Amino acid sequence: MDWDFKLLKEWDDKISEIALKHGLDWYPINYEVCDYFSMIGHMSYHGMPTHFGHWSYGKNFERTRQMYNLGMEGLPYELIINSNPSIAYLMKENPAYLQVLIMAHCVGHSDFFKNNRMFKDTGADSVLARFRNSKKRIQSYVEDHTIGIEEVERVIDAAQALQFQTNRYGKIRPTQKELVKKYKNLIKQDKTGEYIGFDLNKIPLEPDYDILEFICKYSRNIPEWKRDIIEIVSSEAKYFIPQIQTKIMNEGWASYWHYTILNELELPSEWHIPFVKTHNQVIRPHVGGLNPYHIGFTIFQDIKKKKGIEECFIVRESLHDVAFLRQYLTRELCEELGLFSFSLKKKHGYTIDDVSDDLGWESAKKVLSNNTGTNSIPVIYIDEIEQDNTLIVRHEHDGRDLDLEHAERVVEHMTYLWGSTVKLFTIIENEVWEI
Amino acid sequence: MSTFTEHKTVADRSASDRRRHKQKIEKAIKEGLNDIVAEESIIGQDGKKKVKIPVRGIKEYRFVYGDNDTNQRAGTASDRDVRRGQKIGESPNKRKAKGNDPGNEPGEEYYEVELTLEEIAKYLFEDLELPKMLRKSLKKTEVEKLTRHGYRPKGIIPRLDKKKSAISRIKRKKAATSREDFNEEDDFSFCEDDLTYRHFKKVKKPNSNAVIFFVMDISGSMTRNKKFLARSFFFLLYQFIRSKYEKTEVVFVSHDTSAYVVNEDQFFTRGNSGGTLVSSGLEKVLEVISKQYHPNSWNIYTFQCSDGDNWPDDIDPTMRALEQLKSICNLFGYCEICPPGEGSSWSNEWRLSNVYKPMVDSKLKMVEIKRKADVWGAFKSLFSKQLRVSI
């Protein structure tokens, strides 16, 4: 080990000085030093210091460890959570120059968490207490002999299957009361006869995209502990969704800053080559795939070059990935990234559809946007509850067909939570399909 | 501005979630085993042989888009040349499924699990049971058996004493709370030192024994395919009975018009000629029993595999031998191998399954195997607990 806490503190002071000078504004960071085994442990729980138990996190662990052992994840492990103060983990095994790079990178993330508007409702001040509390409650259900682990797992399995089925990009879910008011007004002002016979008792009055909250509210005879678990899983998803929606920007921003800060730090000369090497590895293109560090870093550098750093700060405050790509992924950048779109053709396997030339760049960019953040999650909404309590659920088909094996199993999960029949309508190969 | 702390707690926080995950995988293995019991690679191996079994990962289901031409995805190629219509093999997005992002859909996962045949047998036979039997008076042999003998801090997981371990965890927690530097946040999951294992000691005990007779028709009508099916079936039987008795002996009897006691190798490889006299096989079993395995001290199992062909003249001697055998065996199992398209040369009336039918009861059971996939089902129907309840 070529470092101690004293050395890290010294570098932290220098990093902070430079970051402040550039106008970064981040939460205090608590760095926790741990070995690789604990690191993987924390990664399995998305970095949350306390988190309820579920077998899926055991699976996360095994997968991460397997990749670590295979050397597939050759990247420096960096892990920081959106909380105030931020908690970041430093791996004991890392050499000093790498710790310095990671610390500079973390400052970028923490600044992003603190300032990007997508995160304003994530409750960074109280998140640790909330997770700790959830863990205690779920543990108490597991230990309750009338419930037990099997039942608790069943509910978590089902709730996790649906946890990202919710309103997107900051859309607020109106309450039933507000909706009734809205439609009463519409009926009152109705001149065209559109609302004749409109049933104000229909539930929901408008498509409801927040499936878990809907189930919590309208499912009959659902025991309190189940409702509680569903709410825990649902609110956890809401905490993480902004991170899913800003992955490219967040990593791009953090990479932009570790690069800038380290160039201004007076690094010992023997650190130069390892630093450049690691940086290049982090932001390297994944040929055939997408590396958010690479795409984000490239775009932020381009914005800086063409419009100045002030614009970069505005972007980090006000956008999410989809808008970021729409506004700043130019034709030239698409070409530079070699962006292309592809799909699985029945006879030919995976085949390239469009490349970033005059004809294709816009369509390739559209495909990228469709696969960015929550756009990669199919949009499902609750349409109505029928007389016999059957729940009618529909998929907003946007040209992409659902994976049926998954859809069928998720409908089973939904049926379990709802407690009555659930019917899902979608379109498969241009035909209406019912599950 | 920042603080630095060394992570103090050594607790392995994901240990219990990993254990639950492992249990789920084991369940999946068990379910997947049915498909592999008739694989050639495992038949006829000894118990220590390791077999690699692919297990489909425990999937987490979400609404996702299907992998088809309506679902376009994007990739980058930087300075490489890409053109429309170019084939790019497997999906690069899928290949690299990262686990640490919430909402990131991992691709299909496969685990390869290495199990010994003994472990496979353990999984397979968990829900099965030997038919009701009188424990025969014990033969005067002794066998080493494990009995409980106190506790030890080290051991293997199956011997973990949960109650004792839980108590020492509580003790440790109580002790920690009274310390000054106690931290609310510390995770008091189980740590290595809490775990207490039951200890076992070897004790000599009298033993109960079993002998299994495998009787197989090796006449001309038993094709290679039929023999393979028979062999798979016998293999399962052998593993199963061995898993239930400390000591098991196996006698292989093959017959065409006359019967021989042969070794395992000969049993499965030789033959393929001549006509069939089933009675010769059964009489051979009786002869061996009377010489070596007195029914008072041995649990006797006889399993016969045949394609059902027999000379019509041999029916009566066969029935006589069968009745005698049934009275001294714990179980007589008959398995008829009748792959479609490999029909019998005799009329149905003389098929062994028809001849045996009137005698079927809890001690004489009959199953039928048409193809590889039937082997496990046939085996289970011989031994499943549910079946016994219904009898």
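Note that the protein sequences, when read in sequence, are chains A and B.
For the first sequence, my numbering assigns the number 435 to the last residue and increments by one with no breaks.
For the second sequence, my numbering assigns the number 826 to the last residue and increments by one with no breaks.
Each residue gets a CB set at the ideal place from its N, CA and C atoms; glycine is no exception.
This one's a predicted model, so the numbers in the text were calculated from it and none came from an experiment.
Quiz item: What does Lys-597/B touch in chain A if you count any residue whose Cβ is under 9 Å from its own?
Solution: Position 162 of the second sequence, counted from the first residue, corresponds to residue 597/B. Near Lys-597/B there are no residues of chain A at all, since even the closest Cβ is about 13 Å away, more than 9 Å.
Exercise. Could you list which residues in chain B have their beta carbon closer than 9 Å to that of Asn-30/A, in chain order?
Key: By 1-based counting over the first sequence, the position of residue 30/A is 30. For Asn-30/A, the neighbours in chain B by C-beta distance under 9 Å run, in chain order, Ser-437, Thr-438, Phe-439, Thr-440.
Exercise. Can you pull the chain B residues whose beta carbon is under 8 Å from the beta carbon of Ser-343/A, in chain order?
Key: As a first step, residue 343/A must be located in the first sequence, where it is residue number 343. Within chain B, the C-beta atoms nearer than 8 Å to that of Ser-343/A come from Asn-503, Asp-504, Thr-505, Asn-506, Gln-507, Arg-508, in chain order.
Exercise. Determine the closest residue to Glu-10/A out of Arg-448/B, Phe-439/B, Asp-447/B, Ser-449/B, with distance taken between C-alpha atoms.
Key: Locating residue 10/A in the first sequence gives position 10, counting from the first residue. Sorting Arg-448/B, Phe-439/B, Asp-447/B, Ser-449/B by C-alpha distance to the C-alpha of Glu-10/A places Phe-439/B at the top.
Quiz item: What three-state label does DSSP hand Val-795/B in the structure shown?
Solution: Locating residue 795/B in the second sequence gives position 360, where the first residue counts as 1. Coil.
Exercise. Establish whether the CB of Pro-285/A and some CB of chain B are separated by less than 7 Å.
Key: As a first step, residue 285/A is located in the first sequence; it is residue number 285 there, counting from the start. Yes, because at least one Cβ of chain B sits closer than 7 Å to the Cβ of Pro-285/A.
Exercise. Check the Cβ of Gln-160/A against every Cβ in chain B and list those closer than 7 Å, keeping chain order.
Key: For the purposes of this step, residue 160/A is identified with residue 160 of the first sequence, where counting begins at 1. Those within 7 Å of Gln-160/A in chain B are Glu-495.
Quiz prompt | Boundaries (first-last residue) of the alpha helix (DSSP H) holding Asn-375/A | solution = Walking along the first sequence from the start, residue 375/A turns up at place 375. Under the DSSP assignment, Asn-375/A falls outside any alpha helix (DSSP H); it carries neither an H nor an E label.
Quiz item: Nearest-angstrom Cα distance between Met-91/A and Lys-346/A?
Solution: In the first sequence, the residue the question calls residue 91/A occupies position 91. In the first sequence, the residue the question calls residue 346/A occupies position 346. Whole-angstrom Cα-Cα distance: 45 Å.
Quiz prompt | For Asn-765/B and Lys-571/B, the rounded distance between their alpha carbons | solution = Walking along the second sequence from the start, residue 571/B turns up at place 136. Walking along the second sequence from the start, residue 765/B turns up at place 330. A caution first: Lys-571/B carries a pLDDT of 48, below 50, which makes its placement in the model unreliable, though a value can still be read off. Looking at the two C-alpha atoms, the distance is approximately 10 Å.
Quiz item: Within the chosen definition, does the region 649-657 of chain B reach the region 601-610 of chain B through at least 3 CB pairs nearer than 8 Å?
Solution: Short answer: they don't touch.
Practice problem: Report back the beta-carbon spacing between Pro-242/A and Met-118/A to the nearest angstrom; my notes put them in contact at under 8 Å. | Solution: Walking along the first sequence from the start, residue 242/A turns up at place 242. Walking along the first sequence from the start, residue 118/A turns up at place 118. Sure, about 4 Å apart at Cβ, within 8 Å.
Practice problem: Determine the contact status of Phe-635/B and Arg-604/B, defining contact as a CB-CB distance below 7 Å. | Solution: The residue given as residue 635/B occupies position 200 in the second sequence. The residue given as residue 604/B occupies position 169 in the second sequence. Cβ atoms of Phe-635/B and Arg-604/B: not closer than 7 Å.
Practice problem: Output the distance between the C-alpha atoms of Ala-645/B and Glu-803/B, rounded to the nearest integer angstrom. | Solution: The residue labelled residue 645/B in the question sits at position 210 within the second sequence. The residue labelled residue 803/B in the question sits at position 368 within the second sequence. Roughly 25 Å between the two C-alpha positions.
Practice problem: Report the partner residues of Phe-670/B according to the DSSP bridge assignment. | Solution: Numbered from its first residue, the second sequence carries residue 670/B at position 235. The bridge partners DSSP lists for Phe-670/B come to none.
Quiz item: Could you give the distance in angstroms between the alpha-carbon of Lys-682/B and the alpha-carbon of Glu-718/B?
Solution: On the second sequence, position 247 is the one that residue 682/B refers to. On the second sequence, position 283 is the one that residue 718/B refers to. Spanning the two alpha carbons is a distance of roughly 25 Å.
Practice problem: Please name the residue, chosen from Ile-80/A, Ile-102/A, Asn-133/A, Leu-98/A, that lies closest to Ser-110/A on a Cα-to-Cα basis. | Solution: Within the first sequence, the letter at position 110 stands for residue 110/A. Residue Ile-80/A is the option with its Cα nearest to Ser-110/A.
Exercise. Under 8 Å Cβ to Cβ from Thr-374/A, same chain only, skipping five residues before and after it: list those, please.
Key: Taking the first sequence and counting its residues from 1, one reaches residue 374/A at position 374. Its chain contains Phe-164, Arg-168, Tyr-169, Ile-241, Ile-244, Gln-245 as the residues whose beta carbon lies nearer than 8 Å to that of Thr-374/A, once the 5 sequence neighbours on both sides are disregarded; these appear in chain order.
Self-check item: Segment limits, beta strand (DSSP E) that includes Ile-80/A
Solution: As a working mapping, residue 80/A is identified with position 80 in the first sequence. Start and end: 79-81.
Self-check item: Alpha-carbon spacing of Trp-451/A relative to His-395/A, whole angstroms
Solution: This structure leaves residue 451/A out entirely; chain A is present only between 1 and 435.
Quiz item: Quick one, which residues of the region 165-178 of chain A are near chain B if we go by CB-CB under 9 Å, in chain order?
Solution: Cβ proximity to chain B below 9 Å picks out Gln-165 from the region 165-178 of chain A.
Quiz prompt | Beta carbon proximity, Lys-522/B to chain A, threshold 7 Å | solution = Position 87 of the second sequence, counted from the start, is the residue given in the question as residue 522/B. Cβ-Cβ to chain A under 7 Å: yes for Lys-522/B.
Practice problem: For Trp-361/A, decide whether its Cβ has a neighbour in chain B, counting only Cβ atoms nearer than 7 Å. | Solution: Taking the first sequence and counting its residues from 1, one reaches residue 361/A at position 361. Answer no: the Cβ-Cβ gap between Trp-361/A and chain B never drops below 7 Å.
Self-check item: chain A contact for Arg-755/B (CB, 7 Å cutoff)
Solution: Counting from one through the second sequence, the residue named residue 755/B turns up at place 320. At a cut-off of 7 Å, the C-beta of Arg-755/B has no neighbouring C-beta in chain A.
Quiz prompt | Per-residue DSSP class, three states only, for Gln-387/A | solution = As a working mapping, residue 387/A is identified with position 387 in the first sequence. Shown here, Gln-387/A sits in coil according to DSSP, grouped into three states, outside any helix or strand.
Practice problem: Return no unless some Cβ of chain A is closer than 7 Å to the Cβ of Ile-605/B. | Solution: By 1-based counting over the second sequence, the position of residue 605/B is 170. By this cut-off, Ile-605/B is not an interface position.
Quiz prompt | Where the beta strand (DSSP E) containing His-690/B begins and where it ends | solution = Along the second sequence, one-based indexing puts residue 690/B at 255. First-last of the beta strand (DSSP E) with His-690/B: 682-690.
Self-check item: Cβ neighbours of Ile-428/A in the same chain (closer than 8 Å, five flanking residues each side left out)
Solution: The residue you call residue 428/A lines up with position 428 of the first sequence. Around Ile-428/A: Asp-401, Leu-402, Leu-404.
Exercise. For Glu-441/B, count neighbouring C-beta atoms within 10 Å of its own C-beta (all shown protein chains included) and say buried if the count is 16 or more, exposed if not.
Key: Counting from one through the second sequence, the residue named residue 441/B turns up at place 6. Flag for Glu-441/B reads exposed.
Quiz prompt | Amino acids of chain B, ordered along the chain, whose beta-carbon sits closer than 7 Å to that of Trp-55/A | solution = The sequence position of residue 55/A within the first sequence is 55, counting from 1. Here the neighbours are Asp-452, Arg-455, His-456, Lys-459.
Quiz item: With distances taken between CB atoms, is the gap from Pro-85/A to Pro-49/A smaller than 7 Å?
Solution: As a position in the first sequence, residue 85/A is number 85, starting the count at 1. As a position in the first sequence, residue 49/A is number 49, starting the count at 1. With respect to the 7 Å criterion, Pro-85/A and Pro-49/A are not classified as neighbours on the basis of their beta carbons.
Quiz prompt | Inside the region 171-227 of chain A only - beta strand (DSSP E) runs reaching at least 3 residues | solution = Unbroken beta strand (DSSP E) stretches of 3 residues or longer found wholly inside the region 171-227 of chain A: none.
Quiz item: Asp-749/B and Ser-714/B: beta carbons closer than 7 Å?
Solution: Numbered from its first residue, the second sequence carries residue 749/B at position 314. Numbered from its first residue, the second sequence carries residue 714/B at position 279. Asp-749/B is a Cβ neighbour of Ser-714/B, given a cutoff of 7 Å.
Practice problem: Show which residues of chain B have a CB atom less than 9 Å away from the CB atom of His-258/A. | Solution: Position 258 of the first sequence holds residue 258/A. Within chain B, no residue comes near His-258/A; the closest Cβ sits about 15 Å away, beyond 9 Å.
Quiz prompt | Cβ shell of Tyr-57/A (< 6 Å), same chain only, five flanking positions each side left out | solution = Taking the first residue of the first sequence as 1, we reach residue 57/A at position 57. So the qualifying residues of the chain are Ser-44, Tyr-45.
Quiz item: Beta-carbon of Lys-59/A versus every beta-carbon of chain B: anything under 7 Å?
Solution: In the first sequence, residue 59/A corresponds to position 59, counting from 1. Yes, its Cβ sits closer than 7 Å to a Cβ of chain B.
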